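Trainee: Take a look at this one; I'll ask things after.
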Amino acid sequence: MKISKETIKAIESSDNVVVLTGAGISAESGVPTFRGEEGLWRNFRAEELATPFAFQRDPKLVWEWYDWRRNLIKPLYPNAGHKVIASVEQKKSSFKLITQNVDGLHQKAGNKKYVELHGNIWKTRCTEEGKVTENLESPLKKIPPVCECGAMLRPHIVWFGESLPVEAIQSSYQAAENCDLMMVVGTSAVVQPAASLPGIAKNTGAFVIEINAEETPISDMVDDSYLGKAGEILPLLEKYFE
Ligand code: BV8
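In structure tokens form, the structure reads like this:
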């Protein structure tokens, strides 16, 4: 894979780096993506289950889906792509990772300066008190799980039709506006508001690089688009961050 001289120059001259990731960065670790053929579970699509309405209608079914995903994700570990992003955080004084993923693999790889736009599959939230707690029980002994107060727990995850945490989206917009390099990795760039971040970065002067297995709606807008596996392409870029 040939890396353009523009990409190399942008990486070498960057001071303020933002990385936006989606499910594709975790694919090589074995985590199913959303819109690929592996995005199905018992013939449901994620969009049908990851909604407050589905949870209201059948909390047990939604929790069985999350329990299945938690059990699947638990033994998995970060891949080469995650590790490069963690090493870039070490090398760049101004860095922020914005992830749409809920699997926690970026944290396992060592990233500390991150925003989880859509929450975290290892956290639960009390439907009465709103209290958020880490819950690593896998498989869950009781489905749906309940809070000490007796109320049902829900996944601490942003579902379709739910607003993102204000702090998360504000800090992400600010990071996108102020960076001089944004790498967009492993996202189909259809889910809003995350999908608007590359355009914001581009419009405020950043060099935007896309790394994805297939073309996306932002491929024509970005400065350089590399088609392929994140776990293979990111290691090719790592040395330019020295
Ligand atoms: C909101 C948690 C305000 C669930 C998720 C404006 C315009 C149009 C629609 C909307 C809009 N504003 C809001 C909407 C509605 C909706 C939306 O965007 N719908 C889409 C489908 C059109 N957005 C919302 O509801 C958001 N809320 O905006 O609040 C509001 C409030 C009320 C009413 C309206 C608005 C909330 C969105 C958050 C939903 N929750 N996740 C869970 O995980 O259980 S989103 C879900 O999709 C995941 O987080 C996932 O990360 C995310 C995005 O998907 P991707 O990460 O991109 O994954 P995908 O599978 O799609 O793509 C993977 C890519 O990787 C592919 O391109 C593939 O080719 C590539 N790939 C695969 N392998 C590799 C690879 N690339 C590199 N290497 C590889 N090895």
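In the working numbering, the protein residues as written are 34 to 275.
The beta carbon of each residue, even a glycine, is placed where N, CA and C say it ideally should be.
Keep in mind that this is a model prediction, so the values were computed, not measured.
Could you give the uninterrupted runs of the beta strand (DSSP E) lying entirely in the stretch 78 to 161, keeping only those of 3 residues or more?
Mentor: If we require 3 residues or more, the beta strand (DSSP E) runs fully inside the stretch 78 to 161 come out as 127 to 132, 147 to 149 and 152 to 159.
Trainee: Run through DSSP, which three-state label would Pro188 get?
Mentor: Strand, per DSSP.
Trainee: State the DSSP-derived secondary structure class of Phe67, mapped to helix, strand or coil.
Mentor: Three-state result, Phe67: coil.
Trainee: To the nearest angstrom, how far is it from the Cα of Met215 to the Cα of Gln140?
Mentor: Taking the straight line joining both Cα atoms gives about 19 Å.
Trainee: Take Glu161 as the anchor and find which of Arg187, Ile266, Tyr273 and Val217 has the nearest alpha-carbon.
Mentor: Answer by Cα proximity: Arg187.
Trainee: Run through the DSSP bridge pairs and tell me what Leu223 is partnered with.
Mentor: At residue 223 the sequence reads Val, which differs from the Leu that was named. Paired residues: none, contrary to the question.
Trainee: State yes or no: is the C-beta of Asp136 within less than 7 Å of the C-beta of Ser59?
Mentor: Yes; because the gap between Cβ atoms is below 7 Å, this pair is in contact.
Trainee: On the DSSP letters alone, give me the boundaries of the alpha helix (DSSP H) that Thr40 sits inside.
Mentor: Counting along the chain, the alpha helix (DSSP H) containing Thr40 begins and ends at Lys38 to Glu45.
Trainee: Please determine, among Gly264, Glu265, Pro268 and Asp256, the residue with the shortest C-alpha to C-alpha distance to Lys42.
Mentor: The option with the nearest alpha carbon to Lys42 is Asp256.
Trainee: Is Thr249 closer than 7 Å to Ala299 when the C-beta atoms are compared?
Mentor: As displayed, the chain neither begins before 34 nor continues past 275, which places residue 299 out of reach and without an answer.
Trainee: Using only the alpha-carbon positions, how far apart do Ala184 and Glu149 sit?
Mentor: C-alpha separation (whole angstroms): 25 Å.
Trainee: Looking only at C-alpha atoms, which of Asn236, Trp192, Thr220 and Gly219 sits nearest to Cys212?
Mentor: Measuring from the Cα of Cys212, the nearest candidate turns out to be Asn236.
Trainee: Going by the DSSP bridge assignment, what does Ile244 pair with across the sheet?
Mentor: For Ile244, which the question treats as bridged, DSSP gives the partners Val218 and Tyr259.
Trainee: From the DSSP output, in three-state form, read off Leu270 for me.
Mentor: DSSP places Leu270 in helix when its eight states are reduced to three.
Trainee: Leaving aside the five residues before and after Glu167 along the sequence, list all residues of the same chain whose C-beta is less than 7 Å from its C-beta, in chain order.
Mentor: Closer than 7 Å at Cβ, skipping near neighbours: Trp155 and Lys156.
Trainee: In whole angstroms, give me the CA-to-CA distance for Thr40 and Thr54.
Mentor: Distance between the alpha carbons of Thr40 and Thr54 is about 18 Å.
Trainee: Ignore the nearest five residues each way along the sequence and tell me which others in Val191's own chain have a CB closer than 8 Å to its CB.
Mentor: Excluding sequence neighbours, Val191 sits near Leu150, His151, Gly152, Leu197 and Pro198.
Trainee: If you follow the beta strand (DSSP E) that Val179 is part of, which residue opens it and which one closes it?
Mentor: Careful: Val179 lies outside any beta strand (DSSP E) and carries neither H nor E.
Trainee: Determine the contact status of Ile36 and Leu267, defining contact as a CB-CB distance below 7 Å.
Mentor: No, they are not a contact pair.
Trainee: Could you tell me the boundaries of the alpha helix (DSSP H) in which Asn211 lies?
Mentor: That run of the alpha helix (DSSP H) goes Val199 to Asn211.
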